């Protein structure tokens, strides 16, 4: 009831999912560092306070609890966000309490670029820059994308590839999965 909808529920019957990922865990690195530093600070301050300062100790530990709850919220927010690419559109679903679905048709893509920083090469993430005809779309820059080469190749094939070959490959994949007894996502 309170759980966010699965991104596949937003797909049309005629769409096929090509990619479904969440942002790389490295997007949480700053939040991890921040929470660890604040909790370490709370422990140090707690040891420096006199033992008869119970009110200050209580306030300090309630503040530490708030830091932990804030970090837990960021982790949950990261966990529920999904990046989905179908043969017809890009979607990012996000939101813990209020669900947000950003979407852009694949047909609007005019240029595709991905960038990888040194940290991105070490940890396996990158930034995908999607340029479209007309105005700037909601999905123009997707940061902390895991395996950006694979995503870039798959999207390039969708946008700029041979449509007939894609249909044949999809039919072959569908037939292989049916032969193995796996259900195909419509």
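Residue numbers (full-length UniProt numbering): 1 to 186.
We put the beta carbon where it would ideally sit given N, CA and C, even for glycine.
Given the structure is predicted, the values throughout are model-derived calculations rather than measurements.
Check whether the segment 116-125 touches the segment 78-89, taking contact to mean three or more Cβ pairs, one atom from each stretch, closer than 8 Å.
no
What is the residue span of the alpha helix (DSSP H) that residue 41 lies within?
Per DSSP, residue 41 belongs to the alpha helix (DSSP H) from 29-48.
Counting only the same chain and skipping the five closest in sequence on each side, list residues whose C-beta sits under 7 Å from that of residue 156.
If you ignore the 5 residues before and after residue 156, its C-beta comes within less than 7 Å of the C-beta of 112, all in its own chain and listed in chain order.
Taking 7 Å as the limit between beta carbons, can you name the residues of its chain near residue 39, skipping five residues before and five after?
64, 67
Quick check: the segment 70-78 against the segment 51-59, are at least 3 beta-carbon pairs closer than 8 Å?
No, they do not touch.
Excluding five sequence neighbours on each side, which residues of the same chain lie with their C-beta closer than 8 Å to the C-beta of residue 89?
So the list reads 15, 103, 104, 105, 106, once near-sequence residues are dropped.
Kindly indicate the opening and closing residues of the beta strand (DSSP E) around residue 131.
125-132
Quick one: does the C-beta of residue 73 sit closer than 7 Å to a heavy atom of the ligand PLP?
Ligands displayed in this structure: none; no statement on the ligand PLP is therefore possible.
Is DSSP giving residue 117 helix, strand or coil here?
coil
Look at residue 29 and residue 74 and say whether their C-beta atoms are less than 8 Å apart.
no
Quick one: residues in its chain with C-beta nearer than 7 Å to the C-beta of residue 146, no 5 flanking neighbours on either side, listed in chain order?
21, 24, 124, 125
Give the DSSP-derived three-state secondary structure of residue 26 in the structure shown.
Three-state DSSP puts residue 26 in a helix.
Considering only the alpha carbon of each residue, which of 96, 133, 115, 62 lies closest to residue 148?
Per the Cα distances, 115.
Taking Cβ to Cβ, would you say residue 217 is nearer than 8 Å to residue 36?
In the structure displayed, the chain extends from 1 to 186; residue 217 sits before or after that span and is not available.
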